[in-house]
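The working numbering numbers the first residue of the sequence shown as 12 and each following residue consecutively.
Using N, Cα and C, we set each Cβ at its ideal position, and we do this for glycine too.
Below is one structure, written out as structure tokens; comments come after it.
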Amino acid sequence: MTEDTQPPTSAPAPPSRLEKEELRLWRLALGLLILFATGLAALSWEQLQDLPYHLGAVSIGMLVLAVLFAAYVYGRRREVSELKHVLRHFQERAGATPSEEQLDQLSQVIARSQRSFKELIDSFDDVAFATSLDGTLRTVNRRLTQLLAVPYGDIVGHKIEDFLEEPKTGSMKAEIARFLEKRRWSGIAPVRLKNHARVLYFDCVLNAIIKDDEVVGVSALARDVTEEREKERRFTQLFETLQEGVYFSTPEGKLLEANPALVRMLGYSSKEEVLGLEPAALQSDGEQPAVLGRSSAERGEVREREIRLRRQDGSAAILLDNSRAVWDNSGNIVRYQGTLIDVTERRKMELELQRQEEFRRYLLESFPDLILVIDLDERYTFVSARIRDLLGSRPEDLLGKQVDEVPDQSAEFLALYRDVGSGRKKFGFCEYGARSQDGSWRTMRANASPLFDAENKVNGVIVSVRDITLEKKLEQQIIQSERLAAMGQMIGGFAHELNNPLTSILGVSELLQDAEVNENTRKHLTMLQQQSRRAAEIVQNLMYFSRPPAAGKNDINLSDLVQKTLHLQAYSLRKNNITVDFLPEMLPPTSGDPHQLMQVFLNLVLNAEQAIRDVRDKGTLRIRLAKNKDSLSASFQDDGPGIAPEILPNIFDPFYTTKRPGRGTGLGLSICKAILREHGGNIDATSGPGGGAVFTVTLPIARLP
Ligand code: ADP
């Protein structure tokens with residue numbers, strides 16, 4: 012399409028020097044353009060080769076476009092200059108009739124120009140046509156012939172409404188009148204072509220064709236925007252029907268657009284009301300400004316967060332906001348667009364669940380029993396905090412552990428769990444010993460029942476455990492005292508029966524002392540007397556144990572009484588190298604029988620002395636007095652061998668003794684207990700910190716008369 016493709020023309024007059032110069036400059040400019048495009052293509056060829064999608068074709072395309080454009084412009088330029096020559100020639104020879112050849116040339120130029128114009132409008136992607144005022148189509152471009160699927164010749168000269176189902180020209184009188192007045196119209200027009208079911212939308216620009224200031228026709232350029240309209244319609248439909256709230260807002264948080272779901276979420280009845288709200292009106296109490304916008308510090312492109320917006324009725328809506336920033340060319344955020352999901356109800360439910368959970372936990376924690384849940388893999392899945400009070404350990408010490416992994420786990424407990432877990436028993440209970448963190452053993456009672464899941468299948472065992480150590484102790488004490496009472500009765504009768512013959516034996520043996528007998532018989536008589544005295548003493552003690560005399564009602568100074576007892580035993584203690592560490596105290600009086608109480612203290616001192624002597628040749632007896640809330644106490648601590656834990660529960664039993672026959676009767680401590688009971692007091696024994704024994708006597712403080 013360069014000079015050689017143009018038909019040769021002979022100019023009627025040679026072009027002027029200036030025109031030649033202009034032509035030369037044109038050639039030069041176009042040459043440079045091609046050169047520049049070639050250079051650009053060559054330079055970017057290498058980089059473009061490496062890119063995906065074969066972008067190398069772009070540079071070649073650019074080069075071809077540049078050549079085509081240059082050829083087109085050059086051709087047009089030549090036609091115009093030829094026309095100029097012809098006209099000038101006519102002017103120069105005004106009045107002279109143009110020759111055949113000249114007219115031929117002129118018509119060739121005009122035909123070429125028309126062809127070029129036709130080619131130009133055919134190259135449009137948009138529909139272009141011109142009609143006369145009555146709607147007769149004068150010219151149409153290729154796009155329109157393709158759209159109507161009718162050849163060019165069957166369109167031109169026909170009325171436009173022959174091809175249109177809608178709009179009908181008859182129904183558009185008002186629009187046509189307005190167009191004739193304004194001579195221009197632009198806008199979107201829905202069009203339905205004949206034998207076309209679908210309505211197409213065209214973005215049209217109509218211009219009046221004017222001749223002698225009269226509108227004689229219409230030229231139209233129309234772009235098919237049906238697809239865009241369709242997308243827009245779908246988007247609008249989505250926007251309107253979406254359950255999530257959708258919004259556009261300014262960076263300051265002012266709403267620019269809101270869908271009906273958002274309007275509903277905020278409790279308003281129209282979009283206009285919502286769009287008219289200032290950002291502050293959307294703020295729920297305690298929220299920062301620009302709830303829907305973002306401060307400049309928060310530059311992130313996408314953000315998901317939970318926000319609170321104020322509803323029309325003032326309540327707060329909790330919403331899940333997922334927003335995205337939209338930037339302009341200079342990098343500023345111009346707006347935010349986002350979706351909002353109403354999670355108010357969900358949060359309320361979560362809060363309710365949390366409250367219920369807390370209540371359940373509170374219930375379990377304040378339950379007096381320890382609650383344990385063990386799954387079918389024999390693992391602890393729940394341990395209530397009560398375990399701290401009962402055994403001093405933490406729930407975490409058991410949680411997740413296997414039942415038999417826990418140290419000192421009792422066999423009774425394991426058997427109970429397995430019986431209920433396996434379904435052998437519907438529920439069950441057992442008593443077992445558990446070791447507390449302080450090392451002491453506690454007696455526990457466990458009740459176990461199966462734990463069912465949602466499908467009513469057993470998925471574990473729930474056990475409630477109670478510390479019954481104290482209960483057990485009391486129970487044993489009751490049994491013990493009943494046993495003692497029965498024993499006391501029996502011993503009382505027995506001692507009474509023995510007392511009479513013994514008195515006779517003692518009396519007769521004393522009488523026989525005065526009789527004249529040989530030495531050997533005297534010896535036997537003395538032995539008889541000694542042994543019968545000892546027997547009488549035992550009987551006396553037995554009677555004392557079974558029925559101790561009622562305590563007298565004297566005010567007693569405990570400090571003095573202990574001191575007197577120590578005086579009585581001073582010689583023996585000194586002889587056995589036992590140091591007494593006693594601190595007398597000024598205490599309120601107790602009331603009772605001083606002889607009986609002295610017997611108690613004497614018994615304790617004697618026991619200590621014997622215990623020390625059993626293991627060493629010297630020792631210390633430490634005696635301390637104290638005043639408690641409404642009682643007095645005296646503790647006797649020795650550094651003898653102490654009392655083994657297994658015999659501790661028995662030492663107050665009558666006849667319980669660890670001493671060899673003849674040395675102990677096992678009645679001393681039981682008499683002490685009986686005397687103290689008569690006095691409203693008590694006696695207890697423990698092991699001392701240094702290994703010896705500690706006996707503590709408690710007596711009530713005497714009431715003022
Ligand atoms: P007896 O002294 O005749 O054995 P008791 O009733 O006084 O009878 O004592 C009962 C048992 O208590 C004693 O046999 C001894 O085992 C134990 N006992 C008493 N006092 C002490 C002590 N101070 N140290 C160690 N054991 C003691």
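Asked                                                                                                                   : Found
Val474 beta carbon less than 8 angstroms from that of Leu383                                                            : yes
6 angstroms Cβ shell around Glu14 - same chain, five flanking residues per side excluded                                : Summary for Glu14: the model assigns pLDDT 38, below 50, so the residue's position carries little reliability; its value from the coordinates is reported in the next sentence. So the list is empty, once near-sequence residues are dropped.
Whole-number beta carbon distance between Val285 and Thr350, since they are thought to touch under 8 angstroms          : Rounded, the Cβ-Cβ distance is 15 angstroms, inconsistent with contact.
Every unbroken alpha helix (DSSP H) inside the stretch 398 to 483 [4 residues or more]                                  : 398 to 402, 406 to 409, 422 to 432
Continuous alpha helix (DSSP H) stretch holding Val167: start and end                                                   : Counting along the chain, Val167 falls outside any alpha helix (DSSP H), and DSSP gives it neither H nor E.
Opposing strand residues paired with Trp196 [DSSP bridges]                                                              : Leu217
Closest by C-alpha distance to Leu117, when choosing among His96, Trp452, Phe135, Asn618                                : His96
Nearest-angstrom Cα separation, counted from Lys265 out to Asn152                                                       : 48 angstroms
Expected contact under 8 angstroms - CB spacing of Thr697 and Val705 to nearest Å                                       : 5 angstroms
Met360 versus Ser642 - alpha carbon distance                                                                            : 58 angstroms
Other residues of its chain near Thr576: CB distance less than 6 angstroms, five sequence neighbours each side excluded : Met609, Phe612, Leu613
Simplified DSSP assignment, three categories, for Pro656                                                                : coil
Ile712 versus Pro599: straight-line alpha-carbon distance, rounded                                                      : 7 angstroms
Stretch pair the stretch 170 to 187 + the stretch 196 to 206: three plus CB contacts closer than 8 angstroms            : yes
Under the three-state DSSP convention, the category Gly349 falls into                                                   : strand
Check whether Leu427 and Gly444 have beta carbons under 8 angstroms apart                                               : no
Cβ neighbours of Glu423 in the same chain (closer than 6 angstroms, five flanking residues each side left out)          : Cys441, Tyr443
Cβ-heavy atom distance, Ala645 to the ligand ADP, below 7 angstroms                                                     : no
Between the CA atoms of Leu44 and Lys31 - distance to the nearest angstrom                                              : 20 angstroms
Gly256 - partner residues in DSSP beta bridges                                                                          : Leu351
Given His690 as reference, the closest of Ile623, Lys242, Gly603, Gln254 once Cα atoms are compared                     : Gly603
Beta-carbon proximity list for Leu144, same chain, < 7 angstroms, skipping 5 on both sides                              : Val226, Val227, Gly228
Contact with chain C by Glu416, beta-carbon distance below 8 angstroms                                                  : No chain C is part of this structure, which consists of one protein chain only.
Residue environment, Pro718, which counts as buried when at least 16 other CB atoms sit within 10 Å                     : Beyond the ends of the chain as shown, which are 12 and 716, falls residue 718; an answer cannot be given.
Option nearest Ser644 by Cα separation, candidates Gly701, Ser570, Arg446                                               : Ser570
Which residues DSSP lists as bridging Gly630, in chain order                                                            : Ile589
Buried or exposed (CB count within 10 angstroms, at least 16 for buried), Tyr582                                        : exposed
Option in Asn639, Glu312, Phe393, Glu251 with minimal Cα separation from Glu376                                         : Phe393
Residues near Tyr212 by beta carbon distance below 6 angstroms, same chain, minus five either side                      : Ile199, Pro201, Val236, Thr237, Arg240
Beta-carbon separation (whole angstroms), Leu579 vs Ala546, contact threshold 8 angstroms                               : About 24 angstroms separates the two Cβ atoms, so there is no contact after all.
Touching by the beta-carbon criterion (3+ pairs, under 8 angstroms), the stretch 506 to 521 and the stretch 537 to 554  : yes
Spatial distance of Ser280 from Pro271 (CA atoms)                                                                       : 9 angstroms
Neighbour-count burial assignment, Glu407, 16 or more Cβ in a 10 Å radius                                               : exposed
Delimiting residues of the alpha helix (DSSP H) encompassing Pro721                                                     : Outside the modelled stretch of the chain, which goes from 12 to 716, sits residue 721, for which no answer is possible.
Own chain residues within Cβ distance below 6 angstroms of Gly419, not counting five before or after                    : Strictly speaking, residue 419 in this sequence is Asp, with Gly absent from that position. Result list for Asp419: Arg446, in chain order.
Among Leu584, Gln487, Leu34, Val210, nearest to Ile623 - alpha-carbon criterion                                         : Leu584
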